[in-house]
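Undergrad:
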Amino acid sequence: AQTVTQSQPEMSVQEAETVTLSCTYDTSESDYYLFWYKQPPSRQMILVIRQEAYKQQNATENRFSVNFQKAAKSFSLKISDSQLGDAAMYFCAFPNTGTASKLTFGTGTRLQVTL
Amino acid sequence: DTGVSQDPRHKITKRGQNVTFRCDPISEHNRLYWYRQTLGQGPEFLTYFQNEAQLEKSRLLSDRFSAERPKGSFSTLEIQRTEQGDSAMYLCASSLFGPNTGELFFGEGSRLTVL
Numbered sequence: 010a011q012t013v014t015q016s017q018p019e020m021s022v023q024e025a026e027t028v029t030l031s032c033t034y035d036t037s038e039s040d041y042y043l044f045w046y047k048q049p050p051s052r053q054m055i056l057v058i059r060q061e062a063y064k065q066q067n068a069t070e071n072r073f074s075v076n077f078q079k080a081a082k083s084f085s086l087k088i089s090d091s092q093l094g095d096a097a098m099y100f101c102a103f104p105n106t107g108t109a110s111k112l113t114f115g116t117g118t119r120l121q122v123t124l
Numbered sequence: 090d091t092g093v094s095q096d097p098r099h100k101i102t103k104r105g106q107n108v109t110f111r112c113d114p115i116s117e118h119n120r121l122y123w124y125r126q127t128l129g130q131g132p133e134f135l136t137y138f139q140n141e142a143q144l145e146k147s148r149l150l151s152d153r154f155s156a157e158r159p160k161g162s163f164s165t166l167e168i169q170r171t172e173q174g175d176s177a178m179y180l181c182a183s184s185l186f187g188p189n190t191g192e193l194f195f196g197e198g199s200r201l202t203v204l
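Heads up: the sequence lines are chains U and S, in that order.
Quick note on this note's numbering: the first sequence kicks off at 10 and runs consecutively.
Quick note on this note's numbering: the second sequence kicks off at 90 and runs consecutively.
Here it is in structure tokens:
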């Protein structure tokens with residue numbers, strides 16, 4: 010069974026600084042996608058960034074980028090130039106292969122952004 | 090607003106009562122998901138619909154839980170004889186493609202408190 014592990018329950022970053030959130034996963038598949046979702050307080054969860062496992066190039070979306078290390082099964086999220094609006098819960102997510110429907114989420118990392 | 094909407098946003102009920110949550114997905118999305126999220130945890134998959142067909146149910150979905158999606162549009166999640174352990178945020182999401190590749194669009198959730 011696939012598992013997703015986020016070992017940092019909370020992280021803090023100063024505004025304009027860079028922070029990296031960690032995620033590891035376990036799978037026997039060779040081709041898959043990985044996702045980071047953001048859940049702001051009292052607001053809906055939204056997709057931040059997506060990585061295709063067969064692509065060697067790390068995905069980037071504006072200030073958000075990933076460090077994907079397939080052999081190590083590691084998928085970290087880097088947020089550059091942090092803004093107050095980045096404060097949220099961040100979840101790493103992995104689709105369960107063998108089923109068309111299930112996305113497995115990690116336990117999340119709460120990111121605080123300070124002035 | 091054409092996003093995923095959920096109703097009610099908050100529900101407080103006494104143990105043993107029945108509750109029903111409604112989800113209106115994005116209109117062109119044929120896939121609909123229910124997740125449950127407890128404090129400090131990531132969302133856990135409950136069930137999945139493709140159009141009106143319920144194609145997968147988690148073992149978390151006991152026989153007190155029932156979900157429907159008549160006519161492949163809105164969906165309802167009913168919990169009968171609620172227990173205190175049912176207290177959680179119930180999230181609905183919809184998508185055009187499966188979670189293996191596509192983005193899930195989440196609603197803001199329905200928070201259930203069972204006294």
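Glycine included, each C-beta is placed from N, C-alpha and C at the ideal position.
What is the DSSP secondary structure of residue 126 (chain S), reduced to helix, strand or coil?
TA: Three-state DSSP puts residue 126 (chain S) in a strand.
Undergrad: Output needed for residue 109 (chain S): all residues of its chain with C-beta closer than 6 Å, excluding positions within five of it in sequence on either side, in chain order.
TA: Once the five neighbours on either side are set aside, the close Cβ partners of residue 109 (chain S) are 165, 167.
Undergrad: Tell me the DSSP secondary structure of residue 124 (chain U) in three-state form.
TA: Here residue 124 (chain U) sits in coil by DSSP.
Undergrad: Name the DSSP beta bridge partners of residue 54 (chain U), please?
TA: Answer by DSSP bridge pairing: none, since residue 54 (chain U) is not bridged.
Undergrad: Given residue 119 (chain U), which residues of its chain have a CB within under 6 Å of its CB, disregarding the five upstream and five downstream residues?
TA: The answer, listed in chain order, is 19, 98.
Undergrad: Whole-angstrom Cβ separation of residue 13 (chain U) and residue 103 (chain U), contact assumed at under 8 Å?
TA: With 8 Å as the limit, residue 13 (chain U) and residue 103 (chain U) qualify as a contact, their Cβ atoms being about 5 Å apart.
Undergrad: In the DSSP assignment, what residue or residues form a beta bridge with residue 118 (chain S)?
TA: DSSP, once it has assigned bridges, lists no residue as partnering residue 118 (chain S).
Undergrad: Below 8 Å between beta carbons: does that hold for residue 195 (chain S) and residue 54 (chain U)?
TA: Yes, they are a contact pair.
Undergrad: Does DSSP put residue 49 (chain U) in a helix, a strand or coil?
TA: Coil, per DSSP.
Undergrad: Consider the C-beta atom of residue 34 (chain U) and the heavy atoms of the ligand NAD; say whether any pair is separated by less than 7 Å.
TA: What this structure holds is no ligand at all, so the ligand NAD is not there to describe.
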